[in-house]
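**Q** This structure is in structure tokens; I'll ask about it shortly.
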Amino acid sequence: MHLEPTALAAPRDLIPHAHARSAAFGLRAQDTLDAMPLASADLRCALQRNRVLTDHALPVMETLYHQIAGTHSMVLLTDPEGVILHALGDDDFVARADRVALRPGGVWTEERKGTNAIGTALALGQAVQVHAGQHYLRANQFLTCSCVPILDPQGRALGAIDVSGDHRSQSKHTMALVRMSAQMVENHLWNQVHEDAVRLHFHARPEFLGTLVEGLAAFTPDGRFLSANRSGQFQLGLSHSALQAHTFGSLFGVDLGQVLDQCRRAPGALLTLRLPGGVTVVARPEHRPQAERLWIAADAAEPVRAPARPAARPGGLSGLRYLNTGDPALAQAIERVTKLLGRGIATLIQGETGTGKELLARAIHHDGPRRQAPFVAVNCASIPESLIESELFGYEEGAFTGARRKGSPGKIVQAHGGTLFLDEIGDMPLALQARLLRVLQERSVAPLGGTRQIEVDIQLVCATHRNLRAMMAEGSFRQDLYYRLNGLVVRLPALRERSDLAAIVQRILQSAADAGTPPLPVAPEVMALFARCAWPGNLRQLTNVLRTAALMAEGDTAIRREHLPEDFLEECEAAAAVPAAADAPAPAAQPLQAITAAAIAQALAAQGGNVSAVARALGVSRNTVYRHLRAQAA
Ligand SMILES: Nc1ncnc2c1ncn2[C@@H]1O[C@H](COP(=O)(O)OP(=O)(O)OP(=O)(O)O)[C@@H](O)[C@H]1O
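Just so we're aligned, residue 708 is where the sequence shown starts under the working numbering, counting upward by one.
And the structure:
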């Protein structure tokens, strides 16, 4: 089955059109079901045909199931023809699902079952949620199903992953989890296919390297383009077929051989590359031909410039000195961190979202004696709870039921000799806190499903925007772990508290300007506006605002108010409209969190629930948006 991922159906029309197709198939809403699953021999053949898919999808299904366990739901994997290959579910629900053939061997095409998430998602090649009465057949209306096709780089469906459950217990996060799972399977498959190629991991934001949303592109060692994953094609702005005409050089304006030479000289270093559309990305090339393949894929501390690329900009925001732009609270924090560099003291960085916690962690690594070893970052908030365990501690071959895939050493082992950065440590589930504590005490890790212990030597840096002391008091954060993590606690000030706003603005504009070109000055009225702003997204928001403004002001003599993004101006004005009078009561009932929550809720409504668009509009990370959604659902 070939899908055209670009021809996405508009959400409003999707169900009516699917119902029209169902009627055209001759189905009637009151029809009793075609509950005829495949004969077991046919199912065995289907499983055999789709062995690679199932090998990669089963562990992902397991972890997805842990997320939804106890919600009267199940996780399903189908082949490209809508045949259910595997199912994992809550016992009570599985029995009900069985009655409508929602089980291995069940065939869920639109033709057989009318409008349903699996059939409709596969028919359209896009994520589809079908809720209760939106099912064409009445017999299926007790369900809510969320399905995402698993696509290969050409946009062909390899299968689909689905969560189906009782419509009364549906959660608004289910679709996001299913999307992440499908993407995870796609990336696993992609990596396996291109194991021996030169692989480029890239993203406009360095913190997204190594995550599900990173772009991946594969090249032959002489630079011929082979393939890119979904995010890679999106970022490059070119489809798989358009990319076939390209080479590494024609895409990035740099010779791949030179890049590989440079990477051999500075292993693990990051590059700054410019995409054909002009966007600058941070990239990590990887080439591990079979003989020398190791389980090490660590992020490095310092982006280095690609060689012989006149348009490339210095992206390096590394080193503690770089971060010190004159704010006394920050200078003190940096001084304390500097004194303890290389002493093996665990560091805990606190601060609101976007205050530069990860940048500080990278600078600690960069300036310390472990700089040649890996810097491995794990964001505990962006990985589904049960994935954190395998991500961090690794797993042995066959650790997951039904899975035959190779083991993985986990991030802790990857960070051996270097620095492990656990971002959003406050989001780590309690059970895993106990495991982490054991690792820190015993200095060794036991991967899941195995018995062996692997010795590790890591510098631990953690970060959180949460109040871990309050979490300890309410029992959601372990006291013993807290005291292990807080060898040194540094708090990064929020942007609105900093006295070096002008210096930071200058620094950011300088790094956004073309090499050798002085950045545009900022008009005093704009600086005054900046000084009044609440900056809920802190430095990340300021960076986004300034980058946009600098582009808008091209050809002008200064960055003025009219160059600022409109949503930012609205946000500033809304904040300024809150009590202006000196004697007005203090806005005690409107803490920053509440203002942020309101801004996110408003933006979600305005952007039709698109989390990425909301994060971009507000200049906050998507984690912040997800965290907010989770908090609301709790
Ligand atoms: N000192 C700085 N100078 C210039 N830009 C900075 C600085 N610190 C942070 N930034 C910008 O802000 C962005 C966010 O920084 P970082 O990811 O380190 O923050 P964070 O506190 O870890 O965020 P979160 O809590 O959301 O993960 C960076 O990508 C960078 O663009």
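The beta carbon of each residue, even a glycine, is placed where N, CA and C say it ideally should be.
Does ligand 1 have even one heavy atom less than 7 Å from the beta-carbon of His1172?
**A** Correct: His1172 has its Cβ closer than 7 Å to ligand 1.
**Q** So which of Pro1200, Arg1150 and Arg803 has the shortest CA-CA distance to Ala1036?
**A** Nearest option by C-alpha distance: Pro1200.
**Q** Ligand 1 and Lys1385: does any heavy atom of the ligand fall closer than 7 Å to the residue's C-beta?
**A** Examination of residue 1385 is not possible in this model, given that the chain is present from 708 through 1341 alone.
**Q** Assuming contact is defined by CB atoms lying nearer than 8 Å, are Leu978 and Val966 in contact in what I supplied?
**A** A contact, by the Cβ cut-off of 8 Å.
**Q** Can you pull the DSSP bridge partners for Asp1130?
**A** Looking at the DSSP assignment, Asp1130 forms a beta bridge with Asn1086.
**Q** Return yes when the Cβ of Leu980 is within less than 8 Å of the Cβ of Gly866, no when it is not.
**A** No; because the gap between Cβ atoms is not below 8 Å, this pair is not in contact.
**Q** Looking at C-alpha atoms only, which residue of Leu1253, Asn898 and Leu1047 is the closest neighbour of Leu923?
**A** Nearest C-alpha to Leu923: Asn898.
**Q** For Ser934, does the three-state DSSP call read helix, strand or coil?
**A** It is a strand residue.
**Q** Terminal residues of the continuous alpha helix (DSSP H) containing Pro766?
**A** Taken as a continuous stretch (DSSP letters only), the alpha helix (DSSP H) holding Pro766 covers Arg758 to Ile775.
**Q** If you draw a straight line from the C-alpha of Met1135 to the C-alpha of Asn1245, how long is it?
**A** Taking the straight line joining both Cα atoms gives about 24 Å.
**Q** Is it the case that the CB of Ile1211 approaches a heavy atom of ligand 1 more closely than 7 Å?
**A** Flag set: Cβ of Ile1211 near ligand 1.
**Q** Could you check if Lys820 is buried or exposed, using at least 16 other CB atoms within 10 Å of its CB as the buried criterion?
**A** Label assigned to Lys820: buried.
**Q** State whether the segment 948-963 contacts the segment 913-922, with contact taken as three or more CB pairs (one from each stretch) at a distance under 8 Å.
**A** Flag = no, the segment 948-963 and the segment 913-922 do not touch.
**Q** Taking DSSP as the reference, what is the three-state secondary structure of Arg1214?
**A** Residue state, collapsed to three classes: helix.
**Q** DSSP state of Tyr1029, grouped into three classes?
**A** The answer is helix: DSSP assigns Tyr1029 an H, G or I state.
**Q** For Glu999, count neighbouring Cβ atoms within 10 angstroms of its own Cβ and tell me buried if that reaches 16, exposed if not.
**A** Residue confidence for Glu999 is low, a pLDDT of 33 falling below 50, so the modelled location carries little weight and cannot support an answer.
**Q** Quick check for students: name the residue ranges of the alpha helix (DSSP H) that lie wholly in the segment 872-941, counting only runs of 4 or more.
**A** With a minimum length of 4 residues, the continuous alpha helix (DSSP H) runs that stay inside the segment 872-941 are 881-900.
**Q** Could you tell me whether any non-hydrogen atom of ligand 1 is closer than 7 Å to the CB of Leu943?
**A** Flag unset: Cβ of Leu943 not near ligand 1.
**Q** In or out: Phe732 buried (at least 16 other Cβ within 10 Å) or exposed?
**A** Phe732 should be labelled exposed.
**Q** I'd like to confirm something about Arg1203: is its beta-carbon nearer than 7 Å to some heavy atom of ligand 1, or not?
**A** No.
**Q** At what residues does the beta strand (DSSP E) containing Cys854 begin and finish?
**A** Leu850 to Leu858 is the span of the beta strand (DSSP E), which, as asked, contains Cys854.
**Q** Have a look at Ala1070, Ala1153, Gly1075 and Arg1254 and flag the residue whose alpha-carbon is nearest the alpha-carbon of Leu1357.
**A** With the chain running from 708 to 1341 in the structure shown, residue 1357 is simply not present.
**Q** Could you give the DSSP three-state label for His1073: helix, strand or coil?
**A** Helix.
**Q** Determine the direct distance from the alpha carbon of Ala1257 to that of Thr1264, and round the result to whole angstroms.
**A** Spanning the two alpha carbons is a distance of roughly 11 Å.
**Q** Using the Cα positions of Gly985 and Ile1215, report the straight-line distance between them to the nearest angstrom.
**A** The alpha-carbon atoms of Gly985 and Ile1215 are separated by roughly 18 Å.
**Q** With DSSP collapsed to three states, give me the class of Asp869.
**A** In the structure shown, Asp869 sits in a strand (DSSP, three-state: E or B).
**Q** Is it true that the CB of Gly1124 sits closer than 8 Å to the CB of Asp1187?
**A** Not in contact: Asp1187 and Gly1124 (Cβ atoms no closer than 8 Å).
**Q** Is Thr1060 a contact residue of ligand 1, with contact defined as CB to any heavy atom under 7 Å?
**A** Flag set: Cβ of Thr1060 near ligand 1.
**Q** So, with DSSP's three-state summary, where would you put Gly789?
**A** Reduced to three states, the DSSP call for Gly789 is coil.
**Q** Suppose the cutoff is 7 Å on Cβ atoms and the five residues either side in sequence are ignored; what does the same chain contact list for Ala904 look like?
**A** The answer, listed in chain order, is Ala925, Phe926, Thr927 and Leu933.
**Q** Mind reading off the beta-carbon distance from Ala804 to Gly796? Whole number of angstroms is fine, and I expect it under 8 Å.
**A** About 7 Å separates the two Cβ atoms, so the contact holds.
**Q** If you drop the 5 nearest sequence neighbours on each side, which residues of the same chain put their C-beta closer than 7 Å to that of Leu1067?
**A** If we look at Leu1067 and ignore the five residues flanking it on each side, its Cβ neighbours are Leu1030, Ile1056 and Leu1199.
**Q** Below 8 Å, can you find three or more Cβ-Cβ pairs linking the segment 764-771 to the segment 785-799?
**A** Yes: at least three Cβ pairs fall under 8 Å.
**Q** Counting beta carbon pairs with one atom in the segment 833-842 and one in the segment 874-885, are three or more of them shorter than 8 Å?
**A** Yes: the two stretches touch, three or more of their Cβ pairs being nearer than 8 Å.
**Q** Under 8 Å, with one C-beta from each stretch per pair, do the segment 1080-1099 and the segment 1037-1050 reach the 3-pair mark?
**A** Cβ pair count under 8 Å is below three, so no.
**Q** Taking the beta carbon of Pro1292 as the centre, do at least 16 other beta carbons fall within 10 Å, making it buried, or is it exposed?
**A** Residue placement at Pro1292 cannot be trusted, given a pLDDT of 33 that sits under 50; the coordinates are not used to answer.
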